[in-house]
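A quick write-up on the structure given underneath.
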Amino acid sequence: MAYTDTINSATAAPEPARHRGLVTVAIMLATIMQTLDSTIANVALPHMAGNLSASQDQISWVLTSYIVAAAIATPLTGWLSGRFGRKRIFLTSVVGFTVASALCGLSNSLTEIVMARLLQGVFGAALVPLSQAIMLDTNPKEKHAQAMAIWGMGVMIGPILGPTLGGWLTDNFSWRWVFFVNIPVGILSFLGIKAYIRETTIQSKLRFDVYGCIALSLAIGLLQMFLDRGELLDWFSSTEIVLEAAGAVVSFAFFIALTATAKDVSFFNVQLLKDRNFVTGLMLYFMVGLLLYATRALLPPMLQSLMGYPVVTAGLVIGPSGIGTMLSMMVAGRIASRTDPRALIGLGFGLTAFSLWQMSGFSFDTGESAVVWSGFIQGLGLGFVSVPLTTISFSTLNPKYRPDGTSIYSLSRNIGSSIGISVMQTVLTRNTALFHSQMVEHINLASPAVQAGLPAVYNLATQQGLAALNNEVTRQATFLAYINDFKIMMVVTLIAMPLLLLMRRQRQVVAPPIEAHAME
Numbered sequence: 017m018a019y020t021d022t023i024n025s026a027t028a029a030p031e032p033a034r035h036r037g038l039v040t041v042a043i044m045l046a047t048i049m050q051t052l053d054s055t056i057a058n059v060a061l062p063h064m065a066g067n068l069s070a071s072q073d074q075i076s077w078v079l080t081s082y083i084v085a086a087a088i089a090t091p092l093t094g095w096l097s098g099r100f101g102r103k104r105i106f107l108t109s110v111v112g113f114t115v116a117s118a119l120c121g122l123s124n125s126l127t128e129i130v131m132a133r134l135l136q137g138v139f140g141a142a143l144v145p146l147s148q149a150i151m152l153d154t155n156p157k158e159k160h161a162q163a164m165a166i167w168g169m170g171v172m173i174g175p176i177l178g179p180t181l182g183g184w185l186t187d188n189f190s191w192r193w194v195f196f197v198n199i200p201v202g203i204l205s206f207l208g209i210k211a212y213i214r215e216t217t218i219q220s221k222l223r224f225d226v227y228g229c230i231a232l233s234l235a236i237g238l239l240q241m242f243l244d245r246g247e248l249l250d251w252f253s254s255t256e257i258v259l260e261a262a263g264a265v266v267s268f269a270f271f272i273a274l275t276a277t278a279k280d281v282s283f284f285n286v287q288l289l290k291d292r293n294f295v296t297g298l299m300l301y302f303m304v305g306l307l308l309y310a311t312r313a314l315l316p317p318m319l320q321s322l323m324g325y326p327v328v329t330a331g332l333v334i335g336p337s338g339i340g341t342m343l344s345m346m347v348a349g350r351i352a353s354r355t356d357p358r359a360l361i362g363l364g365f366g367l368t369a370f371s372l373w374q375m376s377g378f379s380f381d382t383g384e385s386a387v388v389w390s391g392f393i394q395g396l397g398l399g400f401v402s403v404p405l406t407t408i409s410f411s412t413l414n415p416k417y418r419p420d421g422t423s424i425y426s427l428s429r430n431i432g433s434s435i436g437i438s439v440m441q442t443v444l445t446r447n448t449a450l451f452h453s454q455m456v457e458h459i460n461l462a463s464p465a466v467q468a469g470l471p472a473v474y475n476l477a478t479q480q481g482l483a484a485l486n487n488e489v490t491r492q493a494t495f496l497a498y499i500n501d502f503k504i505m506m507v508v509t510l511i512a513m514p515l516l517l518l519m520r521r522q523r524q525v526v527a528p529p530i531e532a533h534a535m536e
């Protein structure tokens with residue numbers, strides 16, 4: 017962010033590193049640590065609420081504060097790495113994230129843990145985009161697909177395994193270990209980054225667009241607040257939600273006006289919008305975030321509350337989706353350079369749509385194997401999308417724009433996940449009420465045939481019987497609403513596929529002369 021054309025023209029792509037394996041291990045530890053924390057705390061919230069004497073509304077700030085802080089800080093990554101050096105910012109982020117994790121685990125009040133989670137979000141925001149930029153810069157172009165396969169595993173597997181690991185740590189130790197687990201990982205990552213990663217050229221005269229930064233930060237932060245708290249507060253019936261929506265729109269409009277009228281320095285590098293592959297990649301990566309996180313938000317409660325799966329069993333049947341993702345990423349990393357990436361992306365979206373079609377056919381009698389296979393196929397699909405999509409999105413983007421590009425790329429997935437979860441949860445709630453009312457209309461309680469065919473537990477002459485019948489209708493209406501959500505996501509997946517026609521096959525980008533990079 018905030019690069020001028022003059023400065024950008026002087027920035028060069030670093031030469032490939034000599035210790036690529038050790039560099040990869042160091043930065044992937046940081047990537048997995050950050051992405052894991054986006055979901056690992058979810059299952060521990062009830063335990064936190066009881067221990068910290070917080071209500072459900074209050075404890076949700078543990079998640080909201082992290083998401084909002086990370087969203088606001090992510091666009092700053094490009095400017096910070098250019099102004100102070102990529103290695104220095106990476107090390108600072110790892111140290112800050114690790115310390116903030118320790119503070120979360122040591123918190124004894126809601127205020128303390130929310131403040132610590134804010135710090136976690138701020139310091140963790142740069143880890144994913146910087147790790148992606150380093151993976152691209154430390155590997156030759158012919159190995160970019162394999163590098164993105166490894167990087168993508170950390171980005172995709174972290175959120176998938178987060179709830180399972182969080183539940184295990186909470187059950188066997190305490191909710192505090194959900195955060196303490198980051199400490200050894202952070203220390204190892206810091207040592208590896210310090211020893212093996214090169215520093216980039218520091219642009220000491222890099223100017224900063226203060227007003228653009230403030231406007232975009234407000235827009236993103238208010239949007240995240242709007243999406244995260246909308247369902248909890250019944251959307252526009254809440255004054256808070258109305259103010260957040262209005263503030264986000266006004267702030268974003270102000271940011272666009274500032275960017276359009278900027279003559280020399282702009283917080284957003286408009287050169288990114290001139291690359292068709294990158295812009296299309298942003299839209300498709302937005303869809304990946306939507307599909308991955310929305311599915312992860314819907315499946316566990318459906319399996320546990322409606323299909324009677326214990327917590328451990330639900331985690332086990334969802335887990336194979338991560339295996340599918342790892343397998344397809346390894347395959348895609350090996351063949352992406354020898355085939356048209358658009359074909360692999362199309363295959364991935366096709367598999368994802370097929371898995372969602374399978375989920376839309378679930379019933380109360382669906383066995384565990386059907387859940388496992390549908391998740392595994394979805395994992396395969398998302399893996400086939402992620403690796404070639406990242407490769408082709410950056411294949412035509414000049415390396416001097418990578419710091420800006422990787423931060424925006426990560427931001428698109430984060431916003432997609434927030435929108436996907438919020439929209440699908442809202443549709444779920446409203447369709448549950450709709451299906452409930454439709455089903456009630458077809459139950460004629462005065463009909464002797466209906467009363468004679470009902471089980472004894474639904475004795476309509478008693479309040480308990482009426483309540484039991486209402487609970488059963490609600491259960492079936494909720495299940496239908498879940499099925500409807502899966503159908504909607506399947507349609508959205510199919511609609512997104514024609515965007516591939518806008519992408520060009522990757523070509524070699526002629527980079528400026530390489531500058532010297534010092535080893536620290």
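Under my numbering, the first residue of the sequence shown carries the number 17, and numbering increases by one thereafter.
Idealized CB from N, CA, C, for every residue including glycine.
Do Leu45 and Leu204 have their beta-carbon atoms positioned less than 8 Å apart in this structure? For the purposes of this step, residue 204 is identified with residue 188 of the sequence shown, where counting begins at 1. For the purposes of this step, residue 45 is identified with residue 29 of the sequence shown, where counting begins at 1. In this structure, Leu45 lies closer than 8 Å to Leu204 by Cβ.
Round the Cβ separation of Met303 and Gly432 to the nearest angstrom and send it over; I've been treating them as touching at under 8 Å. Locating residue 303 in the sequence shown gives position 287, where the first residue counts as 1. Locating residue 432 in the sequence shown gives position 416, where the first residue counts as 1. The pair is a contact, with the Cβ atoms about 6 Å apart (cut-off 8 Å).
Could you tell me the alpha carbon to alpha carbon distance between Gln240 and Gln136, rounded to whole angstroms? Stepping through the sequence shown from its first residue, residue 240 is reached at position 224. Stepping through the sequence shown from its first residue, residue 136 is reached at position 120. Cα-Cα distance, rounded: 16 Å.
Output yes or no for whether 8 Å exceeds the beta carbon distance between Ala537 and Ile173. Here the chain comprises residues numbered 17 to 536, so residue 537 is not present and cannot be evaluated.
Put Asn58 into one of helix, strand or coil per three-state DSSP. For the purposes of this step, residue 58 is taken as the residue at position 42 of the sequence shown. Of the three classes helix, strand and coil, the one that applies to Asn58 here is helix, per DSSP.
Would Leu444 and Ala497 be called neighbours here (beta carbons separated by less than 8 Å)? Position 428 of the sequence shown, counted from the start, is the residue given in the question as residue 444. Position 481 of the sequence shown, counted from the start, is the residue given in the question as residue 497. When the beta-carbon positions are compared, Leu444 and Ala497 come within less than 8 Å of each other.
For Leu515, which residues of its own chain have a beta-carbon under 7 Å away from its beta-carbon, when the five flanking residues on both sides are left out? For this step, residue 515 is matched to residue 499 along the sequence shown. Excluding residues within five positions, the ones whose Cβ falls inside 7 Å are Thr296, Met299 and Leu300.
Keeping to the same chain, check which residues put their C-beta closer than 7 Å to that of Arg491; ignore five residues upstream and five downstream. Translated into the one-based positions of the sequence shown, residue 491 becomes position 475. Answer for Arg491: Leu322, listed in chain order.
In chain order, what residues of the same chain lie with their CB nearer than 6 Å to the CB of Asp225, ignoring the 5 residues before and after it? To locate residue 225, count along the sequence shown from 1; it is residue 209. Excluding sequence neighbours, Asp225 sits near Ala18, Val281, Ser282 and Phe283.
Of all the options Met375, Gly421, Leu143 and Gln162, which has the alpha carbon lying nearest to the alpha carbon of Phe113? For this step, residue 113 is matched to residue 97 along the sequence shown. Checked all of Met375, Gly421, Leu143 and Gln162; the closest Cα to Phe113 is Leu143.
Taking Met455 as the reference, give the member of Arg429, Leu485 and Gln479 with the closest Cα. Locating residue 455 in the sequence shown gives position 439, counting from the first residue. The residue with the shortest Cα to Cα distance from Met455 is Leu485.
Find the nearest neighbour of Gly246 within the set Thr80, Ser190 and Ala483, judged by alpha-carbon distance. By 1-based counting over the sequence shown, the position of residue 246 is 230. When only C-alpha atoms are compared, the closest one is Thr80.
Would you decide whether Ala89 is buried or exposed? Buried here means 16 or more other CB atoms lie within 10 Å of its CB. Taking the first residue of the sequence shown as 1, we reach residue 89 at position 73. Ala89 should be labelled buried.
Please state whether DSSP places Ile218 in a helix, a strand or coil. Working through the sequence shown from its first residue, we reach residue 218 at position 202. Here Ile218 sits in coil by DSSP.
Report back the beta-carbon spacing between Ile57 and Val197 to the nearest angstrom; my notes put them in contact at under 8 Å. Residue mapping note: residue 57 aligns to position 41 of the sequence shown, counting from 1. Residue mapping note: residue 197 aligns to position 181 of the sequence shown, counting from 1. Reading off the sequence shown, one finds Ala at residue 57, where the question assumed Ile. Between Ala57 and Val197, the beta carbon gap of about 11 Å keeps them out of contact (Cβ cut-off 8 Å).
May I have the straight-line CA-CA distance separating Asn487 from Pro200, to the nearest angstrom? If you number the sequence shown from 1, residue 487 lands on position 471. If you number the sequence shown from 1, residue 200 lands on position 184. Answer to the nearest angstrom: the Cα atoms are 47 Å apart.
With DSSP as the reference, label Pro156 as helix, strand or coil. Counting from 1 along the sequence shown, the entry for residue 156 is found at position 140. Three-state DSSP puts Pro156 in coil, outside helix and strand.
Quick one: residues in its chain with C-beta nearer than 7 Å to the C-beta of Ile105, no 5 flanking neighbours on either side, listed in chain order? As a working note, residue 105 is residue 89 in the sequence shown. Closer than 7 Å at Cβ, skipping near neighbours: Leu96, Ser97, Ala142 and Leu146.
Return no unless some Cβ of chain D is closer than 8 Å to the Cβ of Asn430. Checking the listed chains, one finds no chain D in this structure; it contains a single protein chain.
Taking all protein chains shown into account, decide if Met519 is buried (16 or more other Cβ within 10 angstroms of its Cβ) or exposed. Indexing the sequence shown from 1 puts residue 519 at position 503. Residue burial annotation: Met519 is buried, with at least 16 other C-beta atoms found within 10 angstroms of its C-beta.
Is there contact between the segment 339 to 348 and the segment 396 to 412, where contact requires at least three CB pairs shorter than 8 Å? yes
Give me the Cα-Cα distance between Cys229 and Thr494, rounded to the nearest whole angstrom. The sequence position of residue 229 within the sequence shown is 213, counting from 1. The sequence position of residue 494 within the sequence shown is 478, counting from 1. Those two C-alpha atoms are separated by around 42 Å.
Closest to Phe392 by CA distance: which of Tyr325, Arg312, Gln441 and Gln320 is it? For this step, residue 392 is matched to residue 376 along the sequence shown. Comparing Cα-Cα distances from Phe392 to each of Tyr325, Arg312, Gln441 and Gln320, the minimum goes to Arg312.
Length of the line joining the Cα atoms of Gly305 and Asp420: Start at 1 with the first residue of the sequence shown, and residue 305 comes out as number 289. Start at 1 with the first residue of the sequence shown, and residue 420 comes out as number 404. C-alpha separation (whole angstroms): 19 Å.
Can you give me the Cβ contacts of Ser344 inside the same chain, cut-off strictly under 6 Å, excluding the 5 residues immediately before and after it? For this step, residue 344 is matched to residue 328 along the sequence shown. Leu396, Gly399 and Phe400, listed in sequence order.
Ordered along the chain, which non-local residues of its own chain (more than five positions away) have a Cβ less than 7 Å from that of His35? Along the sequence shown, read from residue 1 onward, the residue named residue 35 stands at position 19. Tyr212.
Give every residue of the same chain whose Cβ lies closer than 7 Å to the Cβ of Ala264, excluding the five residues on either side of it in the sequence, and list them in chain order. Here residue 264 is taken as the residue at index 248 of the sequence shown, counted from 1. Once the five neighbours on either side are set aside, the close Cβ partners of Ala264 are Ala235, Leu238, Leu239 and Phe242.
Through-space distance from Thr422 to Phe451, alpha-carbon basis: Position 435 of the sequence shown holds residue 451. Position 406 of the sequence shown holds residue 422. Near 43 Å, if we compare the C-alpha coordinates of Thr422 and Phe451.
Considering only the alpha carbon of each residue, which of Phe365, Asn124, Ser69 and Gly335 lies closest to Leu510? Sequence index remark: in the sequence shown, residue 510 carries index 494 (1-based). The option with the nearest alpha carbon to Leu510 is Phe365.
For Lys290 and Lys416, I'd like the C-alpha separation in whole angstroms. In the sequence shown, the residue the question calls residue 290 occupies position 274. In the sequence shown, the residue the question calls residue 416 occupies position 400. About 14 Å.
DSSP three-state assignment for Arg520, whether helix, strand or coil: Numbered from 1 along the sequence shown, position 504 holds the residue referred to as residue 520. Per DSSP, reduced to three states, the secondary structure at Arg520 is coil, with no helix or strand assignment.
Report the residue ranges of all alpha helix (DSSP H) runs contained in full by the segment 311 to 396; include only those spanning at least 4 residues, in chain order. Runs of the alpha helix (DSSP H) inside the segment 311 to 396: 327 to 334, 336 to 351 and 357 to 375.
Specify, as a first and last residue, the run of the alpha helix (DSSP H) that Glu247 falls within. In the sequence shown, the residue the question calls residue 247 occupies position 231. Glu247 -> no alpha helix (DSSP H), and no H or E assigned at all.
Is the beta carbon of Asn155 less than 8 Å from the beta carbon of Ala163? The residue labelled residue 155 in the question sits at position 139 within the sequence shown. The residue labelled residue 163 in the question sits at position 147 within the sequence shown. Contact flag set, yes.
Using the rule of at least 16 other Cβ atoms within 10 Å of the residue's Cβ for burial, across every protein chain shown, is Arg418 buried or exposed? Position 402 of the sequence shown, counting from 1, holds the residue named residue 418. By the Cβ-count criterion, Arg418 is buried, with 16 or more other Cβ atoms from all chains shown falling within 10 Å of its own Cβ.
Nearest-angstrom Cα separation, counted from Val84 out to Asp244: Position 228 of the sequence shown, counting from 1, holds the residue named residue 244. Position 68 of the sequence shown, counting from 1, holds the residue named residue 84. Their Cα atoms are separated by approximately 9 Å.
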